[in-house]
Ligand code: NAP
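In the working numbering, the protein residues as written are 3 to 308.
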């Protein structure tokens with residue numbers, strides 16, 4: 003049975019090169035030239051054309067090429083019975099940890115300020131162990147990032163939908179404890195999935211509850227953040243700045259005020275990138291499980307949205 007790659011914005015070549023050596027018998031096809039659509043049961047997908055799945059009557063599994071599935075789940079052409087899986091991968095998790103540590107240390111050790119002042123003027127610096135980082139979302143990535151921040155010496159708090167217990171980390175649960183979590187977070191790291199509940203969660207009301215001088219790191223999705231509310235609070239000096247990897251419009255338009263803001267670091271959605279070689283075994287394993295009728299790896303709860 004052929005496997006179709008539906009990824010109009012990505013070069014499929016590295017994926018084909020990663021899958022073929024470990025699954026030489028596979029019939030890999032690339033949308034839109036993937037032949038007879040009724041032969042396709044498994045699709046590997048990123049940024050699919052909206053509605054495309056309606057063309058595949060025998061589809062059983064859709065695998066997201068990344069960890070996030072928000073774009074995929076917005077597509078109403080996925081029939082109820084089709085399973086959606088995503089990538090869960092230690093390399094993806096570690097890269098995100100590197101990024102968040104770099105952003106947090108960069109802020110605490112004031113590298114942006116030194117780059118701007120360009121003169122011999124020591125600044126008053128806090129120690130890492132005096133700073134509390136709040137991680138929103140304690141899933142596959144957030145939990146690991148929280149532990150790495152803790153190992154680096156930061157104080158760490160976390161927030162999730164269901165109660166979590168992680169050694170050394172004070173955790174908060176649900177809407178009822180969101181205010182307490184925000185009040186404790188001097189650096190706020192967003193690692194939530196994008197769902198109707200989390201869209202625009204970083205807004206004037208929530209960001210105002212962060213302590214004076216707090217710093218925001220958004221590495222989840224641009225639609226978590228109300229960009230004008232962040233700008234307002236930085237310009238009012240309630241927040242000291244932000245490091246942003248994701249934006250409501252990507253690529254971020256060249257005229258966007260974030261580019262020229264002295265307190266905002268912009269990176270082009272590179273915090274953590276899926277390595278096809280690293281994730282190819284789980285794609286092949288899920289293909290095998292689909293054929294065998296076994297439970298799939300890393301299955302998304304479509305009702306929950308992540
Ligand atoms: P995950 O394993 O699905 O974990 C999601 C976490 O968010 C869980 O702890 C979940 O709580 C919590 N959560 C979900 N809805 C919530 C709500 N309404 N209130 C409070 N907590 C809520 O996701 P992941 O693999 O860690 O990935 C997180 C996100 O990172 C992805 O969705 C993606 O957007 C982003 N990402 C970005 C990049 C990049 O390069 N910038 C790369 C990879 C991933 P429970 O544990 O209680 O369910």
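Virtual Cβ for every residue (Gly too), placed ideally from N, Cα, C.
**Request:** Report back the beta-carbon spacing between residue 204 and residue 136 to the nearest angstrom; my notes put them in contact at under 8 Å.
**Result:** In fact, because the Cβ distance is near 12 Å, the residues do not count as touching under 8 Å.
**Asked** Is residue 99 near the ligand NAP, going by C-beta to nearest heavy atom under 7 Å?
**Response** no
**Which residues DSSP lists as bridging residue 44, in chain order** = 5 and 63
**Item:** Given 8 Å, three or more beta-carbon pairs between the stretch 48-64 and the stretch 210-220
**Value:** no
**Prompt:** Is there contact between the stretch 148-156 and the stretch 174-187, where contact requires at least three CB pairs shorter than 8 Å?
**Reply:** no
**Prompt:** Start and end of the beta strand (DSSP E) containing residue 220?
**Reply:** 216-220
**Item:** Cβ-Cβ distance between residue 302 and residue 163 below 8 Å
**Value:** no
**Ranges of the beta strand (DSSP E) found wholly within the stretch 127-206, counting only runs of at least 3** = 134-138, 157-162, 172-175 and 189-192
**Message:** I'd like to know whether the C-beta atoms of residue 188 and residue 126 end up nearer to each other than 8 Å.
**Reply:** no
**Item:** Separation of residue 46 from residue 7, as counted between CA atoms
**Value:** 5 Å
**Asked** Is there contact between the stretch 69-77 and the stretch 24-35, where contact requires at least three CB pairs shorter than 8 Å?
**Response** no
**Message:** Helix, strand or coil for residue 105? Go by DSSP, reduced to three states.
**Reply:** helix
**Nearest residue (CA-CA) to residue 250, options 307, 270 and 262** = 270
**For residue 85, three-class secondary structure by DSSP** = strand
**Request:** Starting from the C-beta of residue 289, find all residues in its chain whose C-beta is less than 8 Å away, skip the five residues before and the five after it, and write them out in chain order.
**Result:** 5, 25, 28, 44 and 63
**Three-state class that DSSP yields for residue 93 in the structure shown** = helix
**Request:** Apply the 10 Å Cβ neighbour rule to residue 200 and answer buried if 16 or more other Cβ atoms are within range, or exposed otherwise.
**Result:** buried
**Request:** Below 8 Å CB to CB, which residues in the same chain sit around residue 81 once its five sequence neighbours on both sides are set aside?
**Result:** 55 and 61
**Request:** Can you check the stretch 232-280 for any beta strand (DSSP E) of at least 3 residues that lies completely inside it and give the ranges in chain order?
**Result:** 241-246 and 266-268
**Message:** Tell me the rounded alpha-carbon separation between residue 254 and residue 128.
**Reply:** 32 Å
**Asked** Helix, strand or coil for residue 71 per DSSP?
**Response** coil
**Prompt:** Can you pull the DSSP bridge partners for residue 32?
**Reply:** 7
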